[in-house]
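Heads up, the thing below is written out as structure tokens.
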Amino acid sequence: MKKAVLIAAAIFVISLFAGTAFAYKLVDLTHKFENGMPAWAGKWEGMTMWAGAKTQMECYDKVGNFYGYDLKFTEHTGTHMDSPSHQPCGLWRLTDIPIDKFHGRCVIMDMRPWVKDRDGYEVSLADVKEWEKKTGCNLAKEAARSIIFMWTGWDKYWYDYIAGKNERFIKYGFPGITQDAAQYFADCRIKGFGMDVLSVDIYRRVVDEGKPLAHQALFANNIWVIENIKFDPSVADKWVYALVAPMKIYQGSGAPTRVFVLDDTKAKGMAASLASMKELEKKFMAAPMYDLAHDLRNGMHIWCAVFGGNLITPAVPNLNDFRGIYPWINYQYDGWYGQQLYTNEHFGTHMDAPAHRREGAQWTLDKIPLKNHAAPCVIVNASKYGPEEGDWIFDMAMFKDWMSKHPDLTINKGDMVCFSQDMVHKWALHNNGIHREWVTYKFPGIGGDVAKYLKDKGVVGVLTDVTSIDAAMTAQRGKGTDQENNITHVTLLGSGIFVVENVGGDLQQAANSKGFAFVMPCMLTKAGSGGHSRIWYFEGLDIPIE
């Protein structure tokens, strides 16, 4: 086996130097969020279109050419992550998990031949050992510091449930894994484990017996769990590279999560795919990683308001605005910990899909080409071009000056561009009740001339650390009825270019650099207008993606 791995690695490296055209395939393993989808408590009905509209066009008419949804959900809805703290035996809450745990080599275990579509089947350690023998994959030797995803085949019942064909996805018959299988994975020292079912413990273990032993074996070792994965047959029984993006909920027990994998389609079988992913892993590990998202907490900014304003101390009157993070379940009474959220698609660090504006109506969140979410990214420190306080506009003259000073940071077709206008620390001040007007009413923006330049360059996304890419003077008030109030939104979104606002986290540390960004809206809302997003930025990384 060791010899086969070495040969596969040699072939892989030779192919790189032979000039063979090569790109990794980006695969999305995330279910769409939509009303009627399955959830632990039954059918989920948490999406409501703004202004009571029934159609996208009606929403544009009612909300000044904008479109979006309000959302109500628990942390454990849709394709989602359980942080170890979901049970009292786990230490890490969501925002405690080191970000390097969210990416790595990942093996996809196709256990359908063992589950055989049987209700309540528990994949045992003996089954896992048989799978290892069949595939030639030795998890004890190869899975350390990696991720394991297990495909039972139950994901096919997700859309059956939505269509009303059957209820097998939630009717207490879904498969899981045994305690000894979970403990074996933990002993392999993995980062995370995922399945295509509602729970890694079968229903009887969780509800009837109150002994979710598979969860506990993983959580006790601070291993995160992802449930409700949507699998793709093309990556079954091989190694891929996974990047997972849980919604960044402060102190969360879990969160809706986007799941991407990179697949070397030319690497067939375990040995070749493992060799390929080891080479890719070296590239990721050599690149400094930055988290460019703010955490979601009560007291943060949300458009013209304070998120969870009625829950923080001192309370902030929010005019009957109930958006915020609320308690849901707790250890003492439920044996589990969790929270629920009332919000909309555009909160915290979030993407505006082009369809957020009427001009980009055809590009809803789920219609954005997948490869546009992963691209080279230039980070521009624009903060020195405007005053500390005020709603100034970074225009083309300023941008030309910046480019003249950073000739090595070139912007090419297919890239993303991220602008820092010194708003990250102001976001923190807002969280603590200081100068909230800076983020809410006096923020800067990006000029329409810059937007046109980037559109002509062929960029796929534009990111900024302000609450609106159009400055407050244009986004909120405008300069007269004869001028479009949101010209930068219109130019970019109308051209199919997504926008990300309220970029934060480590942004200042990554300023004036070029690398590779994965922009991952955590909830893949069906026909959505945007969504809270995690941004994994790897400085200096450059990888081909198809």
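Using the numbering used here, you'd call the opening residue of the sequence shown number 2 and step up by one each time. The C-beta atom is built at its ideal place from N, Cα and C for all residues, glycine as well.
Quiz prompt | Where S235 falls: helix, strand or coil (DSSP) | solution = helix
Practice problem: Please say whether S254 and H32 have beta carbons closer to each other than 8 Å? | Solution: no
Quiz item: Using the C-alpha atoms, what's the distance from Y332 back to D128?
Solution: 33 Å
Quiz prompt | First and last residue of the uninterrupted beta strand (DSSP E) at L464 | solution = G462 to T465
Quiz item: Is it true that the stretch 209-219 meets the stretch 155-164, where meeting means three or more beta-carbon pairs spaced less than 8 Å apart?
Solution: no
Exercise. Could you check the C-alpha separation between A187 and E46 for me, to the nearest Å?
Key: 35 Å
Quiz item: With contact counted as at least three CB pairs below 8 Å, one residue from each stretch, are the stretch 340-359 and the stretch 65-75 in contact?
Solution: yes
Quiz item: Curious, which full-length alpha helix (DSSP H) runs of at least 4 residues does the stretch 198-228 contain?
Solution: 214-220
Quiz item: Between which two residues does the alpha helix (DSSP H) harbouring A551 extend?
Solution: Examination of residue 551 is not possible in this model, given that the chain is present from 2 through 547 alone.
Quiz item: Which residues share a DSSP beta bridge with G541?
Solution: DSSP output for G541 lists no bridge partner at all.
Quiz item: With distances taken from CA atoms, which of N311, V381 and W329 is nearest F323?
Solution: N311
Exercise. Please work out which residues of its chain come closer than 7 Å, Cβ to Cβ, to L508, disregarding the five sequence neighbours upstream and downstream, and give them in chain order.
Key: L293, S421, V425 and D466
Exercise. Just the C-alpha distance for A268 and S274, rounded to the nearest angstrom, thanks.
Key: 5 Å
Quiz item: Buried or exposed: E419, going by 16 or more other Cβ atoms within 10 Å of its Cβ?
Solution: Reading the sequence as shown, one finds Cys at residue 419 and not Glu. Buried, since its Cβ has 16 or more Cβ neighbours within 10 Å.
Quiz item: Are there 16 or more other CB atoms within 10 angstroms of the CB of V440, so buried, or fewer, so exposed?
Solution: buried
Quiz item: Can you tell me whether D483 is buried or exposed, with buried defined as 16 or more other CB within 10 angstroms of its CB?
Solution: Reliability fails at D483, whose pLDDT of 42 lies under 50, so the model's placement of it is uncertain and no value is given.
Exercise. Compute the distance between the beta-carbons of G137 and A272, then report whether it is under 8 Å.
Key: yes
Quiz item: Since Q340 sits in a beta bridge, which residues does DSSP pair it with?
Solution: P328
Practice problem: Go ahead and pull the three-state DSSP assignment for A518. | Solution: strand
Quiz item: In its own chain, which residues sit with a C-beta less than 7 Å from the C-beta of G548, not counting the 5 before and 5 after it?
Solution: Past the boundaries of the shown model lies residue 548; the chain is included only from 2 to 547, so the question cannot be answered.
Quiz item: When the distance is taken between beta carbons, is V463 closer than 8 Å to F400?
Solution: no
Quiz item: Would the stretch 428-448 and the stretch 385-399 be scored as touching if the rule is three or more Cβ pairs under 8 Å?
Solution: yes
Quiz item: Do you know whose CA, among V491, G531 and A511, lies nearest F539's CA?
Solution: A511
Quiz item: What does a CB cutoff of less than 7 Å around A237 pick up in its chain, not counting 5 residues either side in sequence?
Solution: I109, D111 and W152
Exercise. Run the CB neighbour count on R535, radius 10 Å, all protein chains shown included, and call it buried at 16 or more, exposed below.
Key: buried
Exercise. Check the DSSP bridge columns for D264 and list the partner residues they point to.
Key: K26
Exercise. Check the C-beta distance from R146 over to K192 and give it rounded, since I have them as a contact under 8 Å.
Key: 6 Å
Exercise. Select from A473, P247, K102 and A306 the residue whose C-alpha is nearest the C-alpha of N321.
Key: A306
Practice problem: Could you pull out every unbroken beta strand (DSSP E) segment of at least 3 residues lying fully inside the stretch 46-79, listed in chain order? | Solution: 48-50 and 70-75
Self-check item: For F285, the first and last residue of its enclosing alpha helix (DSSP H)
Solution: G270 to A287
Quiz item: Do the stretch 216-236 and the stretch 87-103 meet, that is, are 3 or more Cβ pairs less than 8 Å apart?
Solution: yes
Practice problem: Determine the contact status of D543 and F517, defining contact as a CB-CB distance below 8 Å. | Solution: yes
Quiz prompt | Whole-Å CB distance - F220 paired with C90, under 8 Å assumed | solution = 5 Å
Quiz prompt | Residue from K453, N373 and G195 with nearest C-alpha to E547 | solution = N373
Exercise. Less than 8 Å between the CB atoms is what I'm expecting for M82 and A256, so what's the real figure, rounded?
Key: 6 Å
Quiz prompt | Segment contact, 8 Å Cβ cut-off, at least three pairs: the stretch 194-204 with the stretch 165-177 | solution = yes
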